[in-house]
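Data first, discussion second: the structure below is written as structure tokens.
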Amino acid sequence: MKIRKYIVLIISASLALTACKKEPDYSVPVDGDGNKYATVVIGSQVWMVGELRTTTLNDGTPLKQLKGADWKAPTSPAYCYYNDDESNGAVYGALYNFAAVNTGQLAPKGWHVATHEDWNKLAAYLGGLSQAGGKLKATHTWLSPNEGATNESGLALLPTGYRDADGTCEGIGKVGYWWTATIAPGGDQAWMRTLSNISAKLDGNSSAFTLGFAVLCVKDDL
């Protein structure tokens, strides 16, 4: 019967189209520039391995690159490389102002810039602030003595340095600075985390939005 035959063909075609339509795979994070990142499970969290390198938001909007003294008072989302040297970005990731973080679109889709609470949970899982830093630091790249570094976490965090509000860059090889996505009480600063080559401790404080720090990302809760 012709009518039945046509119905079967339509259903078959519909099933084929459904089978071809796949949901996005966020298990492999891909940033706005197409860079891919490894991941590591730490407790109940999934972290991206490596500091973020993207120069593009996850909706395709390019970030403004600021160099030298132009960094002084950026109010729009921006990034830079340490000492304006792109080769540093390939190793240590980009440095971002908080306006870039606060877009909510800096991380790959399905991921987010680690929050104040994400970092607290990470530190607690690693045994507390006094020893978490050593477990987070890479065993290479840091200048001696790289106190307590074991990279037990698998994140292999690097000594990114930072960009000050006046545009100068400081600390590469000695310290690492990372924004959280959380604004601190008062509303004019955001929480950050820092590691040092002379300490095994994970430290944190709040900093002005205009500083340039690296960024780490965590997978969204399902």
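This note's numbering numbers the first residue of the sequence shown as 10 and each following residue consecutively. Virtual Cβ for every residue (Gly too), placed ideally from N, Cα, C.
Counted as a single uninterrupted DSSP element, the beta strand (DSSP E) harbouring TRP200 occupies residues 198–205. Going by DSSP, SER216 is part of no alpha helix (DSSP H) but of the beta strand (DSSP E) stretching over 212–217. Taking one beta carbon from each stretch, the segment 50–60 and the segment 73–84 have fewer than 3 pairs nearer than 8 angstroms; the two do not touch.
Taking the C-beta atoms as reference points, LEU66 is found nearer than 9 angstroms to PRO86. With at least 16 other beta carbons inside 10 angstroms of its own, VAL122 counts as buried. Beta-bridge annotation (DSSP): GLU95 is not paired with any residue. The segment 128–144 makes contact with the segment 193–211: 3 or more CB pairs, one atom from each, lie closer than 8 angstroms. Excluding sequence positions up to five before and after TYR88, its CB lies within less than 7 angstroms of the CB of THR64, LEU72, GLN74, ALA103, LEU104, TYR105 and ALA109, all in the same chain and listed in chain order. In this structure, ILE181 sits near THR169, with a CB-CB distance shorter than 9 angstroms.
Within the same chain, Cβ atoms closer than 8 angstroms to the Cβ of GLY163 are found at VAL49, ILE51 and VAL58, the five residues on either side in sequence being excluded. Between GLN114 and LYS210, the C-beta gap is not smaller than 9 angstroms, which leaves the two residues out of contact.
If you ignore the 5 residues before and after GLY41, its C-beta comes within less than 6 angstroms of the C-beta of THR63, THR65, LEU66 and ASN67, all in its own chain and listed in chain order.
Taking C-beta separations shorter than 7 angstroms and ignoring five residues to either side along the sequence, the partners of THR124 in its chain run THR189, ALA190 and THR191, following chain order.
Taking the C-beta atoms as reference points, THR177 is found no nearer than 9 angstroms to ALA82. Closest by C-alpha distance to GLY137, out of VAL224, ASP212, ALA193 and VAL227, is ASP212.
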